[in-house]
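Undergrad:
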Amino acid sequence: MSTNVYSIRIDDRVRRMMDEMNDVNWQVEIRQSVERMVREKKKQKLLAEAKELWEDQIPNKIGAAEMIREDRDAR
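Going letter by letter, the sequence shown gives residues 0 to 74 in our numbering.
(1) Please state whether the Cβ-Cβ distance between residue 16 and residue 25 is less than 8 Å.
(2) Start and end of the alpha helix (DSSP H) containing residue 23?
(3) Which residues bound the alpha helix (DSSP H) around residue 7?
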């Protein structure tokens, strides 16, 4: 797995608070947080695309029973 460096700027006050928390591995915590957010955003995008495709597949907004009734009446 190759990795890349992504730098961010944080407020000095936040950095000092982070430094006081020696028991937290910030590199791991931040990486996991970013990965979770990326997965969630990707899932939302895929679901939106799937919903759009699904809506395009529906010929009209009437229900199946109504479509069958129309077909029978047309005979």
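Cβ coordinates follow ideal geometry from the N, Cα and C atoms, glycine included.
TA: So, from the data block:
(1) For the purposes of this step, residue 16 is taken as residue 17 along the sequence shown, with counting starting at 1. For the purposes of this step, residue 25 is taken as residue 26 along the sequence shown, with counting starting at 1. Not in contact: residue 16 and residue 25 (Cβ atoms no closer than 8 Å).
(2) The residue you call residue 23 lines up with position 24 of the sequence shown. Where residue 23 is concerned, there is no enclosing alpha helix (DSSP H), given that its DSSP letter is neither H nor E.
(3) Working through the sequence shown from its first residue, we reach residue 7 at position 8. Segment: none, residue 7 is in no alpha helix (DSSP H) and carries neither H nor E.
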